[in-house]
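So for the sequence shown, the numbering used here puts the first residue at 411; every next one is plus one.
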Amino acid sequence: MNEEEYFEQLCSNSADGTLTDSEKQKLEEHLAECPSCAALKEDLEQMHSMLAGGGRNRAAGRTA
């Protein structure tokens, strides 16, 4: 796994809430310097939030 893949995985794990304290610190330091990963983390957190409940409420309200 290269460095880019490593930080992408950390972004994903962050959205899942599975980072260790050490990983959180590494990721935060990286995000301060990498706008691409910062945007990825934000997108993953939004998707995670939608899948955790927000998206289901909107889908349930649709009528055919």
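Beta carbons are placed, not taken as given, at the ideal position from N, Cα and C, and that holds for glycine.
Runs of the alpha helix (DSSP H) spanning 4 or more residues and lying entirely within the stretch 421-460 occur at 431-441 and 445-459, in chain order. C-alpha of cysteine 421 to C-alpha of lysine 434: approximately 9 Å in a straight line.
The C-beta of leucine 437 has 16 or more other C-beta atoms within 10 Å across all chains shown, which makes the residue buried. By the C-beta density criterion, leucine 441 is buried, having at least 16 other C-beta atoms within 10 angstroms. In this structure, the CA atom of threonine 430 is about 25 Å from the CA atom of glycine 463.
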